[in-house]
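Visitor: Numbering (this note's numbering), first residue to last: 1163 to 1362.
1. Evaluate the contact criterion for the stretch 1298 to 1313 versus the stretch 1246 to 1266: three or more CB pairs, one atom per stretch, below 8 Å.
2. Measure the C-alpha to C-alpha separation of residue 1183 and residue 1206 and round it to an integer number of angstroms.
3. To the nearest angstrom, how far is it from the Cα of residue 1217 to the Cα of residue 1193?
4. I think residue 1349 touches residue 1179, with their Cβ atoms under 8 Å apart; what is that distance to the nearest whole Å?
5. From 1275, 1259, 1243, 1199, pick the residue whose C-alpha is nearest to that of residue 1341; which is it?
6. Can you give me the C-alpha to C-alpha distance between residue 1316 and residue 1308, rounded to a whole angstrom?
7. Please confirm whether residue 1282 and residue 1358 have their CB atoms less than 8 Å apart.
8. Which residues in the same chain as residue 1331 place their Cβ atom closer than 6 Å to its Cβ, once the five residues preceding and following it in sequence are excluded?
9. Which residue comes first and which comes last in the alpha helix (DSSP H) that contains residue 1194?
10. In angstroms with no decimal places, state the Cα-to-Cα distance between residue 1268 and residue 1336.
11. Residue 1319: buried (16+ other C-beta within 10 angstroms of its C-beta) or exposed?
12. Going along the chain, which residues of its own chain have a beta-carbon closer than 8 Å to the beta-carbon of residue 1234, five neighbours each way excluded?
13. Who are the Cβ neighbours of residue 1300 in its own chain at under 6 Å, not counting the five residues just before and after it?
14. Write down the C-beta distance between residue 1181 and residue 1296 rounded to the nearest angstrom, noting that I regard them as a contact closer than 8 Å.
15. For residue 1310, does the three-state DSSP call read helix, strand or coil?
16. Nearest-angstrom Cα distance between residue 1361 and residue 1352?
17. Under 8 Å between the Cβ atoms of residue 1210 and residue 1262?
18. How about residue 1196 and residue 1223: do their beta carbons lie closer than 8 Å?
19. Relative to the C-alpha of residue 1356, which candidate in 1215, 1236, 1265 has its C-alpha closest?
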C-alpha cells in the first residue's frame, strides 16, 4: 500500500511500489557494478530512488556520483544541508525523503520545533541567522522560481558564491530525487518518520 497527495494528506491506494527492487542475481553486469558502488560506498545500500534508477545503470551511477558530491562533499555545513533538504522535501511532499532526512536533521542539531513547522507548511520560528537565510533562499527559489536581489546578496555575503551554488545544487538534486520517489510511490518503512499534512 502507498499513500500520497500533492498536498501531503494521506490517501491509501492499493497500487504496489513501482520499479520494484531487482534481485542481485537478476541484474546485468552493469547493474551489479553500480549496485556494488551503492552498497560499498558511503550510502551503504540501495535506497531511495536507486531501485528505479538501476533500470538505467549508467544514469544510476551518474546520479550516485552527483548525489555523493552533494551529500558528502558539500561546502554547506551538514546541519544546514539537511535543513535545505527538508525544505525541498516538504515542497515536493516527498514522504520517503522526509523520513530519511528529518532523522538526520535532528541528529545534526536542527530543532524538532523547526522541523515540525516546515512539515505543516509554516515558517519556523526561533531559527539561527544562518537557518533563516537558508529558509528564505530555498523557499524563494522553490515557490517563486527566482531569488530576490536582497536574499541573493545576503546569502552570497554570508556564505560566498561556492556555497550558494551548493545550496542551489542541493535543492535541485533533491527535487530530482523527490520526483522519482513520488512517482514510484516509495513507501516510508514501518515505524519511520511520517510527513505531516500541510496545515494550510
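Here a beta-carbon is modelled for each residue, glycine too, at the ideal position from N, C-alpha and C.
Guide: Based on what the coordinates show:
1. yes
2. As a working mapping, residue 1183 is identified with position 21 in the chain shown. As a working mapping, residue 1206 is identified with position 44 in the chain shown. Near 16 Å, if we compare the C-alpha coordinates of residue 1206 and residue 1183.
3. Position 55 of the chain shown, counted from the first residue, corresponds to residue 1217. Position 31 of the chain shown, counted from the first residue, corresponds to residue 1193. Cα-Cα distance, rounded: 8 Å.
4. On the chain shown, position 187 is the one that residue 1349 refers to. On the chain shown, position 17 is the one that residue 1179 refers to. Right, their Cβ atoms sit about 6 Å apart.
5. As a first step, residue 1341 is located in the chain shown; it is residue number 179 there, counting from the start. When each option's Cα is compared against that of residue 1341, the closest is 1259.
6. Residue numbering aside, residue 1316 sits at position 154 when the chain shown is read from its first letter. Residue numbering aside, residue 1308 sits at position 146 when the chain shown is read from its first letter. If you take the alpha carbons of residue 1316 and residue 1308, they lie about 15 Å apart.
7. Numbered from its first residue, the chain shown carries residue 1282 at position 120. Numbered from its first residue, the chain shown carries residue 1358 at position 196. In contact: residue 1282 and residue 1358 (Cβ atoms closer than 8 Å).
8. Position 169 of the chain shown, counting from 1, holds the residue named residue 1331. Contacts found: 1232.
9. As a first step, residue 1194 is located in the chain shown; it is residue number 32 there, counting from the start. Segment 1191 to 1202, the alpha helix (DSSP H) holding residue 1194.
10. Within the chain shown, the letter at position 106 stands for residue 1268. Within the chain shown, the letter at position 174 stands for residue 1336. Roughly 18 Å between the two C-alpha positions.
11. Within the chain shown, residue 1319 is the residue found at index 157, counting from 1. The residue is exposed, with fewer than 16 neighbouring Cβ atoms inside 10 Å.
12. As a working mapping, residue 1234 is identified with position 72 in the chain shown. The residues are 1204.
13. Position 138 of the chain shown holds residue 1300. For residue 1300, where only same-chain residues beyond five positions count, the Cβ hits under 6 Å are 1246, 1249, 1333.
14. As a position in the chain shown, residue 1181 is number 19, starting the count at 1. As a position in the chain shown, residue 1296 is number 134, starting the count at 1. With 8 Å as the limit, residue 1181 and residue 1296 do not qualify as a contact, their Cβ atoms being about 32 Å apart.
15. The residue you call residue 1310 lines up with position 148 of the chain shown. It is coil, neither helix nor strand.
16. Residue 1361 sits at position 199 when you count from the first residue of the chain shown. Residue 1352 sits at position 190 when you count from the first residue of the chain shown. Rounded to whole angstroms, residue 1361 to residue 1352 spans 24 Å at the Cα level.
17. Numbered from its first residue, the chain shown carries residue 1210 at position 48. Numbered from its first residue, the chain shown carries residue 1262 at position 100. Yes, these two residues count as a Cβ contact at 8 Å.
18. The count along the chain shown starts at 1 and reaches residue 1196 at position 34. The count along the chain shown starts at 1 and reaches residue 1223 at position 61. Inclusion of residue 1196 and residue 1223 in the CB contact set at 8 Å is warranted, their separation being smaller than that value.
19. Against the chain shown, residue 1356 aligns to sequence position 194. Closest option to residue 1356, Cα to Cα, is 1265.
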